[in-house]
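Protein chains: 2
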Amino acid sequence: MAAKQVLLNAFNMNCVGHINHGLWTHPRDRSTDFNQLAYWTDLAQLLERGLFDGLFLADILGVYDVYQGGIDLTLKESIQLPVNDPLLLVPAMAGVTRHLGFGVTANLSYEPPFTFARRMSTLDHLTNGRVGWNIVTGYLESAAKAMGLERQVEHDRRYDQADEYLEVLYKLWEGSWEDDAVLADRQRRIYAQPGKVHKVRHQGEFYRVEGYHLSQPSPQRTPVLYQAGSSERGLLFAGRHAECVFIGGSDHAAVRAQVDKVRASAVAAGRPADAIKVFMGISVIVAPTEAQARDKHAEYLLYASPEAGIAHFSSSTGIDLAAFGLDEPIVERKTNAIESVVKTFTGWTKRRLLQQHALGGRYPLAIGSPAQVADQLLAWIDETGLDGFNLTRTVTPESYVDFIDLVVPELQSRGRYKTAYEEGTLRHKLFGQGSRLPREHAGAAWRAQPENTRRSNL
Amino acid sequence: MAAKQVLLNAFNMNCVGHINHGLWTHPRDRSTDFNQLAYWTDLAQLLERGLFDGLFLADILGVYDVYQGGIDLTLKESIQLPVNDPLLLVPAMAGVTRHLGFGVTANLSYEPPFTFARRMSTLDHLTNGRVGWNIVTGYLESAAKAMGLERQVEHDRRYDQADEYLEVLYKLWEGSWEDDAVLADRQRRIYAQPGKVHKVRHQGEFYRVEGYHLSQPSPQRTPVLYQAGSSERGLLFAGRHAECVFIGGSDHAAVRAQVDKVRASAVAAGRPADAIKVFMGISVIVAPTEAQARDKHAEYLLYASPEAGIAHFSSSTGIDLAAFGLDEPIVERKTNAIESVVKTFTGWTKRRLLQQHALGGRYPLAIGSPAQVADQLLAWIDETGLDGFNLTRTVTPESYVDFIDLVVPELQSRGRYKTAYEEGTLRHKLFGQGSRLPREHAGAAWRAQPENTRRSNL
Numbered sequence: 001m002a003a004k005q006v007l008l009n010a011f012n013m014n015c016v017g018h019i020n021h022g023l024w025t026h027p028r029d030r031s032t033d034f035n036q037l038a039y040w041t042d043l044a045q046l047l048e049r050g051l052f053d054g055l056f057l058a059d060i061l062g063v064y065d066v067y068q069g070g071i072d073l074t075l076k077e078s079i080q081l082p083v084n085d086p087l088l089l090v091p092a093m094a095g096v097t098r099h100l101g102f103g104v105t106a107n108l109s110y111e112p113p114f115t116f117a118r119r120m121s122t123l124d125h126l127t128n129g130r131v132g133w134n135i136v137t138g139y140l141e142s143a144a145k146a147m148g149l150e151r152q153v154e155h156d157r158r159y160d161q162a163d164e165y166l167e168v169l170y171k172l173w174e175g176s177w178e179d180d181a182v183l184a185d186r187q188r189r190i191y192a193q194p195g196k197v198h199k200v201r202h203q204g205e206f207y208r209v210e211g212y213h214l215s216q217p218s219p220q221r222t223p224v225l226y227q228a229g230s231s232e233r234g235l236l237f238a239g240r241h242a243e244c245v246f247i248g249g250s251d252h253a254a255v256r257a258q259v260d261k262v263r264a265s266a267v268a269a270g271r272p273a274d275a276i277k278v279f280m281g282i283s284v285i286v287a288p289t290e291a292q293a294r295d296k297h298a299e300y301l302l303y304a305s306p307e308a309g310i311a312h313f314s315s316s317t318g319i320d321l322a323a324f325g326l327d328e329p330i331v332e333r334k335t336n337a338i339e340s341v342v343k344t345f346t347g348w349t350k351r352r353l354l355q356q357h358a359l360g361g362r363y364p365l366a367i368g369s370p371a372q373v374a375d376q377l378l379a380w381i382d383e384t385g386l387d388g389f390n391l392t393r394t395v396t397p398e399s400y401v402d403f404i405d406l407v408v409p410e411l412q413s414r415g416r417y418k419t420a421y422e423e424g425t426l427r428h429k430l431f432g433q434g435s436r437l438p439r440e441h442a443g444a445a446w447r448a449q450p451e452n453t454r455r456s457n458l
Numbered sequence: 001m002a003a004k005q006v007l008l009n010a011f012n013m014n015c016v017g018h019i020n021h022g023l024w025t026h027p028r029d030r031s032t033d034f035n036q037l038a039y040w041t042d043l044a045q046l047l048e049r050g051l052f053d054g055l056f057l058a059d060i061l062g063v064y065d066v067y068q069g070g071i072d073l074t075l076k077e078s079i080q081l082p083v084n085d086p087l088l089l090v091p092a093m094a095g096v097t098r099h100l101g102f103g104v105t106a107n108l109s110y111e112p113p114f115t116f117a118r119r120m121s122t123l124d125h126l127t128n129g130r131v132g133w134n135i136v137t138g139y140l141e142s143a144a145k146a147m148g149l150e151r152q153v154e155h156d157r158r159y160d161q162a163d164e165y166l167e168v169l170y171k172l173w174e175g176s177w178e179d180d181a182v183l184a185d186r187q188r189r190i191y192a193q194p195g196k197v198h199k200v201r202h203q204g205e206f207y208r209v210e211g212y213h214l215s216q217p218s219p220q221r222t223p224v225l226y227q228a229g230s231s232e233r234g235l236l237f238a239g240r241h242a243e244c245v246f247i248g249g250s251d252h253a254a255v256r257a258q259v260d261k262v263r264a265s266a267v268a269a270g271r272p273a274d275a276i277k278v279f280m281g282i283s284v285i286v287a288p289t290e291a292q293a294r295d296k297h298a299e300y301l302l303y304a305s306p307e308a309g310i311a312h313f314s315s316s317t318g319i320d321l322a323a324f325g326l327d328e329p330i331v332e333r334k335t336n337a338i339e340s341v342v343k344t345f346t347g348w349t350k351r352r353l354l355q356q357h358a359l360g361g362r363y364p365l366a367i368g369s370p371a372q373v374a375d376q377l378l379a380w381i382d383e384t385g386l387d388g389f390n391l392t393r394t395v396t397p398e399s400y401v402d403f404i405d406l407v408v409p410e411l412q413s414r415g416r417y418k419t420a421y422e423e424g425t426l427r428h429k430l431f432g433q434g435s436r437l438p439r440e441h442a443g444a445a446w447r448a449q450p451e452n453t454r455r456s457n458l
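If you read the protein sequences in the order shown, they are chains A and B. Numbering of the first sequence is given in the UniProt record's numbering, commencing with residue 1 and proceeding in unit increments. Numbering of the second sequence is given in the UniProt record's numbering, commencing with residue 1 and proceeding in unit increments.
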């Protein structure tokens, strides 16, 4: 069997400081241009030159206000604040590319499924089937309060709500319009055929919907579904719904274990083990030689902000690290925390966390020559069963340019990275099959069937 | 005083059949390409060539299901169904233009103000200050049911909610970040200054928000505010909030009266009478000679669908015209109806409505040579006090091309239309002043002041 090809997303966010904090102060870093359209269209074209499978856009509603009990450092170092809407970047980037996929984070907790379904269908149309959705429910208290809630909804309860939300979306995306509903027949004056467009009637615990999906069938119907949950409940959700899962990682053994859990979750839901592609976040610093890469790393560190890194960490875990001594280990556990982060870093001292969060943060950091970086990437893939990476930015767009000019050719020369895009939708490119959800996926069960739809003209 | 220059928006919608129904069947009509990005980027470039002030994008949540008690004709003639999200068109169009403004309809009833505020700020950033928002609250029963409500909220109550929604938005857009909050100072490592970003605390009848606006100040902060209410309560709302008001129209006297009411509403709210620009919808069929224009009109009529026109009318008024005899006048009045449409057409017979809705619908239809059309447009402006037009499409993009090639030069030769864009934001272009809300506008009162904000670090 041929060795597995590496899948690759750029990992980014519509903000200044994303993962590798403080580098916005580097003279060559352009992340402070994030409010400008050209910053994003240039990036999209760059990534397409590098044959990236996708651009994965993170998002957060709310602010990081745990560290020092406020947002002072968050503002100074621009730690994911300000942060603009990621969905609105996609149409402009789609307009200047032909193949690049877009995995966009959207929080389902604060938007009715009916309008969200239309938003994603619109993107799937405009991108010609290149859109994915990273499903999140949010965990920040500050977001819940901004939305008028007293407090954040409890973790597992959010997943129950998400399960129902997805069910409503499948009904709208998969079940409302039959494949041959749209004729666009000018002679017979039939744009869409009555009887082939069905009213969705949903009455559940969280949602109630009675209406026709507003968009006609888009190339993928359901966008490619991304998810990042690592808790038991999160994995149950992933097994049912996710097609791509995004994980953090510290070492091969832990990642191997997590990959296995993700695959087991798919199998438990009646899907093939490889129905889910697993991506790990990673930061790469590469140069023509190892020495040059080490120098670059040292130079980047001059601008990095380890303190901003642990301020971010403080909100992810709910633990204010400002109150900790340098050699005090992190053992506290909060209710509303990102479980994978807690899992990876429990027992670490603040000193070690500061070092880790200077560059890399919750994801591994690979430094070296093109061959060395390729070795490390392929070892991750081959030793853990991973499918690919979400590549963070360090100094941007420099770090993507370096990767594309140096690592991509190295991976290609080893036969481990594509040398051209395939035609077709994002789902087709990722899985080599059709554009639609596969038969075994939970969403496929909602394709126009008598029991969950009703003729429009009755 | 120099005669008033004509302001001009293209009036469009992310769907096939918008106002002049049935013309999608015309061999040269391209509206069935609305799912494709290039359809919109081509249109934006065309409109910028014609120096249009803006593209006004209508929207509807829900379907037209009153006529014949269902959506059969709605589907066959594609009467605003399918209809995709309009906001997502803007970034792509902004990427291929430099001056064109975008007035986008968004229904406030089903989205929390906190996330909507970020969406619009993101658009204002990406367009470099070219975005406007057409404020609607929705009126369709079918939309309310799709959103999980038992029934549509009562008309005046929706405006009460809208007033509070706007108050929350002003607090976020105008009050959360001070003008000099963002320094982006790499040397001092200060992206934004603590103490200059304020938490909004709102507790009202409909909304409760406690949080920082997520976007840094955009060029216009508050997008240019469009509105189309013509009821007494709607005019009260317009007087407080609207900067551009969009009206229908049948004759000079009725339009003059409506324009006067709009201006009076501004004055009643303590604003100058010309603080609101008033636009009327209009359809234009123009050709080099009058005879050719009449021929074109006759040819278009071969493809028009008067029945689709009155099906649309039926949902706008809540009256199923399928049940009416040809000579029966419309006198019924429904609770959830578009008041301006009811007002204009009460007493008309179905026969006359069918004729009117073949082409033009609820807006006047101007047919003729370039000089004749210019005469008509200028008569509307000069006789009624209107500021400009929302130009519907007939056969698209042909009708915009005709207008730009034939009518624009005629208006320019009379000194009544700009010959080049001014630099600056949409608000600056429309009002010739700054980019921000003027001092007298209700929203300006919410600029960072001690009583409605609080230092982030207290």
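By construction, the Cβ of each residue, glycine as well, lies at the ideal position given by its N, Cα and C atoms.
Which residues in chain A have a C-beta closer than 7 Å to the C-beta of residue i? List them in chain order.
i	result
histidine 125 of chain B	Asn35, Asn84
lysine 171 of chain B	Per Cβ cutoff of 7 Å: no residues; lysine 171 of chain B is ~12 Å from chain A at best.
Three-state secondary structure (DSSP) at residue i?
i	result
tyrosine 165 of chain A	helix
arginine 208 of chain B	strand
glycine 318 of chain B	coil
tyrosine 39 of chain A	helix
glycine 95 of chain A	helix
threonine 74 of chain B	helix
phenylalanine 11 of chain B	strand
tryptophan 348 of chain B	coil
Give the single residue among the options whose Cα lies nearest to the Cα of residue i.
i	options	result
asparagine 12 of chain B	B/Gly103, B/Ala94, B/Asp72	B/Gly103
threonine 289 of chain A	A/Gly248, A/Ser314, A/Ala374, A/Gly309	A/Ala374
proline 438 of chain A	A/Ala242, A/Val168, A/Leu126	A/Ala242
phenylalanine 389 of chain B	B/Leu46, B/Asp53, B/Asp42	B/Asp53
serine 399 of chain A	A/Trp380, A/Gly368, A/Lys418, A/Leu75	A/Gly368
leucine 236 of chain B	B/Val267, B/Val255, B/Gln220	B/Val267
leucine 81 of chain A	A/His99, A/Gly62, A/Gly443	A/Gly62
isoleucine 276 of chain A	A/Met147, A/Leu353, A/Leu57, A/Arg263	A/Arg263
Run down chain B in chain order and give the residues with a C-beta less than 9 Å from the C-beta of residue i.
i	result
arginine 186 of chain A	Trp24, Thr25, His26, Pro27, Asp29, Thr32, Tyr303
glycine 101 of chain A	Per Cβ cutoff of 9 Å: no residues; glycine 101 of chain A is ~15 Å from chain B at best.
tyrosine 207 of chain A	Gly148
Kindly indicate if chain B contains any beta-carbon less than 7 Å away from that of residue i.
i	result
asparagine 452 of chain A	Reliability of the predicted coordinates at asparagine 452 of chain A is poor, the pLDDT of 43 falling under 50, and no value is obtained from them.
leucine 214 of chain A	yes
alanine 192 of chain A	yes
leucine 47 of chain A	no
arginine 455 of chain A	Caution is warranted here: a pLDDT of 38 is assigned to arginine 455 of chain A, below 50, making its placement in the model unreliable, and no coordinate value can be reported.
valine 63 of chain A	yes
Compare the C-beta of residue i against all C-beta atoms of chain A and say whether one is closer than 7 Å.
i	result
alanine 92 of chain B	yes
glutamate 210 of chain B	yes
aspartate 72 of chain B	yes
tyrosine 110 of chain B	yes
leucine 88 of chain B	yes
valine 153 of chain B	no
Mind listing the chain A neighbours of residue i? Cutoff is C-beta to C-beta under 8 Å, in chain order.
i	result
residue 461 of chain B	With chain B represented from 1 up to 458, any question about residue 461 of chain B goes unanswered, as that position is not in the structure.
arginine 189 of chain B	Gly22, Thr25, Lys76, Glu77, Ser305
Can you pull the chain B neighbours of residue i, defined as C-beta to C-beta under 7 Å?
i	result
arginine 118 of chain A	Asn84, Asp85
* Could you tell me whether the region 362-372 of chain A touches the region 268-285 of chain A, using the rule of 3 or more Cβ pairs below 8 Å? => yes
* Asked: Taking one C-beta from the region 410-418 of chain A and one from the region 29-38 of chain A each time, how about it: are there three or more such pairs within less than 8 Å?
  -> no
* To do: Flag this pair as touching only if the region 104-114 of chain A and the region 4-19 of chain B have three or more C-beta atom pairs under 8 Å; answer yes or no.
  => no
* Cβ contact (3+ pairs, closer than 8 Å) linking the region 81-95 of chain B and the region 321-328 of chain B -> no
* Asked: If we count Cβ pairs, one from each stretch, closer than 8 Å, do we get three or more for the region 306-315 of chain A versus the region 412-422 of chain A?
  -> no
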